[in-house]
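Each residue of the sequence shown is one higher than the one before, starting from 237 at the first, in this note's numbering. Glycine included, each C-beta is placed from N, C-alpha and C at the ideal position.
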Amino acid sequence: MNIHEFQAKQILQKYGIPCSRFDVISTLEELEKLRLNSAVLKVQIHAGGRGKAGGVKIAHTPQEIREAAKELLGKRIINEQTGYSGMVAHQLLVTPPIDICKEYYLGIVIDRQLAQGVLIASQEGGMDIEKLAQESPENVLTLPIPTDGFFRSYHLLRISKFMGWHKTPLEEQGHAIVKSLVKAFFETDALLLEINPLAATSDQKLLALDAKLTIDDNALYRQDEIKSYFDPHQMVEAEALAHQHELAYVSLEGNIGCMVNGAGLAMATMDIIHHYGGAPANFLDVGGGASKEKVAMGFKIILSDPKVQAVLINIFGGIMDCDVLANGIVEAASELEIKVPLVVRMEGTNVEKGRDTLQKSGLPIIIADDLSDAARKIMNAIK
Numbered sequence: 237m238n239i240h241e242f243q244a245k246q247i248l249q250k251y252g253i254p255c256s257r258f259d260v261i262s263t264l265e266e267l268e269k270l271r272l273n274s275a276v277l278k279v280q281i282h283a284g285g286r287g288k289a290g291g292v293k294i295a296h297t298p299q300e301i302r303e304a305a306k307e308l309l310g311k312r313i314i315n316e317q318t319g320y321s322g323m324v325a326h327q328l329l330v331t332p333p334i335d336i337c338k339e340y341y342l343g344i345v346i347d348r349q350l351a352q353g354v355l356i357a358s359q360e361g362g363m364d365i366e367k368l369a370q371e372s373p374e375n376v377l378t379l380p381i382p383t384d385g386f387f388r389s390y391h392l393l394r395i396s397k398f399m400g401w402h403k404t405p406l407e408e409q410g411h412a413i414v415k416s417l418v419k420a421f422f423e424t425d426a427l428l429l430e431i432n433p434l435a436a437t438s439d440q441k442l443l444a445l446d447a448k449l450t451i452d453d454n455a456l457y458r459q460d461e462i463k464s465y466f467d468p469h470q471m472v473e474a475e476a477l478a479h480q481h482e483l484a485y486v487s488l489e490g491n492i493g494c495m496v497n498g499a500g501l502a503m504a505t506m507d508i509i510h511h512y513g514g515a516p517a518n519f520l521d522v523g524g525g526a527s528k529e530k531v532a533m534g535f536k537i538i539l540s541d542p543k544v545q546a547v548l549i550n551i552f553g554g555i556m557d558c559d560v561l562a563n564g565i566v567e568a569a570s571e572l573e574i575k576v577p578l579v580v581r582m583e584g585t586n587v588e589k590g591r592d593t594l595q596k597s598g599l600p601i602i603i604a605d606d607l608s609d610a611a612r613k614i615m616n617a618i619k
């Protein structure tokens with residue numbers, strides 16, 4: 237789960253990491269109460285690259301601040317990270333300008349190959365760290381974090397020398413920030429925690445000017461405060477509804493709705509649709525223990541997409557009985573009055589009973605023998 241920049245900064249501050257002063261507004265009336273003469277205004281959306289997309293404004297007078305806020309509130313930001321539909325800014329982070337002498341990058345990610353957290357540091361902050369690592373790897377330090385979650389003094393010395401902090405007023409501050417960042421990363425169950433940029437000011441202070449935090453969804457049960465930060469406005473309506481009902485759903489650009497129980501099976505289903513010349517409209521995994529209610533909600537979410545011209549259901553009855561799932565499909569399809577072709581491929585426990593239930597339903601359900609047959613039938617149904 238992603239959270240907003242201002243929420244990430246609030247968490248950093250709890251761990252003693254100094255951040256630039258900021259306020260968050262959602263209306264022009266809230267802005268007026270701040271009484272600022274100059275400010276930097278940043279849209280709060282779950283995506284980077286906001287500046288390049290016109291989501292960051294620097295204003296030098298109260299009038300410019302108001303005009304910038306009026307432009308940014310409600311602005312739809314579209315870039316590679318937001319996807320083609322973009323994200324609308326409902327909140328702005330407003331902060332006084334900072335006299336910056338130097339920008340650095342500090343971040344921590346999970347390295348899947350090492351199976352541990354890795355600190356990433358660079359003297360070139362404010363840049364796309366992936367691009368920097370590819371084009372100038374010598375300017376990026378990657379340092380695995382010990383399994384006990386604590387850097388030793390020699391680790392900190394290596395970091396401060398690499399960052400150019402050694403024997404400067406920034407060294408002690410840098411060490412404290414690194415240690416706090418590591419602590420915050422592990423205690424929040426983060427997948428990614430970064431400060432970009434970490435700025436050195438004219439008075440020799442280090443400040444986090446921007447922050448990003450991504451939490452492991454599987455750990456949210458023990459992160460109640462962070463879980464409450466979920467912002468449904470950062471998703472398309474269908475994805476927000478799916479999240480609410482604990483369904484794994486991602487909207488895509490095709491015209492064939494897909495409902496599958498199991499993420500791997502869902503990926504295989506989308507692959508075979510592509511193989512036969514089609515394009516999936518979504519990824520939807522209702523889970524191994526799909527109930528009638530989840531199946532019905534899955535239908536509702538799929539059919540809310542006006543691009544969908546047919547629906548393919550691919551079920552493997554391992555945990556769930558195929559006959560139970562078939563009854564759920566029939567009831568949900570009857571209640572929702574589905575008007576597009578519906579193809580069902582089913583395998584597993586009590587599959588014959590399940591297919592018999594579908595055939596006797598009286599609904600125009602097309603039953604497929606296997607996955608290839610399902611893909612061919614869904615393509616023929618559209619044609």
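- The beta carbon of Leu350 sits closer than 8 Å to those of Pro380, all from its chain and outside the five residues before and after it, given in chain order.
- Beta-bridge partners of Asn550 (DSSP): Val496 and Arg581.
- Taking all protein chains in view, the Cβ of Leu572 is surrounded by fewer than 16 other Cβ atoms within 10 Å, so the residue is classified as exposed.
- Remark: C-beta atoms of Ile574 and Met495 do not approach each other more closely than 9 Å.
- In the DSSP assignment, Ser608 falls within the unbroken alpha helix (DSSP H) covering Leu607 to Ile618.
- Judged by DSSP secondary structure, Glu265 falls outside any beta strand (DSSP E) and instead within the alpha helix (DSSP H) spanning Leu264 to Glu268.
- Distance between Leu456 and Lys463, taken at the CA atoms: about 6 Å.
- Your pair Leu417 and Ile344 checks out as a contact, with CB atoms roughly 6 Å apart and the cut at 8 Å.
- For Lys415, the secondary structure class from DSSP, reduced to helix, strand or coil, is helix.
- Your pair Ile365 and Asn432 checks out as a contact, with CB atoms roughly 7 Å apart and the cut at 8 Å.
- Nearest to Gly554 by alpha-carbon distance, out of Asp384, Lys613 and Asn497, is Asn497.
- Judged by DSSP secondary structure, Pro298 falls within the alpha helix (DSSP H) whose first and last residues are Pro298 to Leu308.
- The bridge partners DSSP lists for Leu379 are Leu355.
- In the structure shown, the three-state DSSP call for Glu430 is strand.
- If you ignore the 5 residues before and after Thr378, its C-beta comes within less than 6 Å of the C-beta of Val354 and Ile356, all in its own chain and listed in chain order.
- Counting along the chain, no beta strand (DSSP E) covers Tyr390; the unbroken alpha helix (DSSP H) around it starts and ends at Ser389 to Met399.
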